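Novice:
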Amino acid sequence: MKTKTWVLTALAFFIVAIGFATDFPKMNVVPIEADKAMIAYKSVESTPLEITLINCDGEILYYQKTKERYNEYQKILDFSQLGDGDYCVCVNFGNRSISRTVNVNHETIKVGAAQHLFEPYFCMKEGMLDVSFFNCSQKQVYLNIYKNGKYVNGLKLGKDLTIQKRLDLRNLKYGEYEIVLTDVFKDHKYIAQL
């Protein structure tokens, strides 16, 4: 009888754990007019958000970082000034992100499937950059450094599932640098101030 009770209790915990594990945040991009779309984000957990709109060249067209914590968020994007093309809308929350591609073509907006990713962790202290990344694809990961759009340095971080590196940037000149960590899915960007 004890074994039966224990098995049923363990099964109940397992089912509850699966229920919590599948409750991922959701982000939709809904066309509301010929040249406007609404970002609709919803999650069980409240977190600060980073909302980014990027064109096909990787240029950041819109960026917002919230100080408040949200479990629901809506924002209307106007594509009329941007024109036809392919864009990527990304919402970062904690160390994860949801991205969707958006194709604007002659006043029609088509939205791609959601892509759930883990975001890298960057920490800059006294010229030392710590990078930590969960490489779920286990494909090659690269890190490149740019200043004013010009390539400065780069290296391969490897194919390991977990990547943790410390980079010494103290030999670089003072200023603002763009750190780009590239995996098979996307470019993850971080601005470092030296």
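Residue numbers (UniProt numbering): 1 to 194. Every residue, glycine too, gets a C-beta built ideally from N, C-alpha and C. Just so it is clear, the structure is predicted and the values come from calculations on it, not from any experiment.
1. Assuming the contact rule is C-beta atoms closer than 8 Å, GLN140 and LYS156 should be a hit. Round their C-beta distance to whole Å, please.
2. May I have the straight-line CA-CA distance separating THR101 from PHE79, to the nearest angstrom?
3. Can you tell me where the beta strand (DSSP E) with GLU176 in it begins and where it stops?
4. Span of the beta strand (DSSP E) holding residue 196?
5. Ordered along the chain, which non-local residues of its own chain (more than five positions away) have a Cβ less than 7 Å from that of LEU194?
6. Classify GLU68 as buried or exposed, calling it buried when 16 or more other Cβ atoms lie within 10 Å of its own Cβ.
7. Assuming ILE145 and ASN153 make a contact with CB atoms under 8 Å, what is their CB distance in whole Å?
8. Should SER46 go down as buried or exposed, given a rule of 16 or more other Cβ atoms within 10 Å for buried?
9. With DSSP run on the structure shown, which of helix, strand or coil describes PRO25?
10. If you draw a straight line from the alpha carbon of ARG96 to that of THR108, how long is it in whole angstroms?
Specialist: A quick look at the data gives this:
1. About 6 Å separates the two Cβ atoms, so the contact holds.
2. Taking the straight line joining both Cα atoms gives about 14 Å.
3. Note, GLU176: beta strand (DSSP E), 176 to 182.
4. One cannot answer for residue 196 here, as it falls past the ends of the chain, which runs 1 to 194.
5. The beta carbon of LEU194 lies closer than 7 Å to those of GLY127, LEU169, LEU172, TYR174, GLY175, TYR177 in the same chain, with the five residues before and after it left out.
6. The residue in question, GLU68, is exposed, as its Cβ has fewer than 16 Cβ neighbours within 10 Å.
7. Indeed they touch by this definition, with Cβ atoms about 5 Å apart.
8. When all chains shown are included, SER46 counts as exposed.
9. Coil.
10. Each residue's alpha carbon lies about 29 Å from the other.
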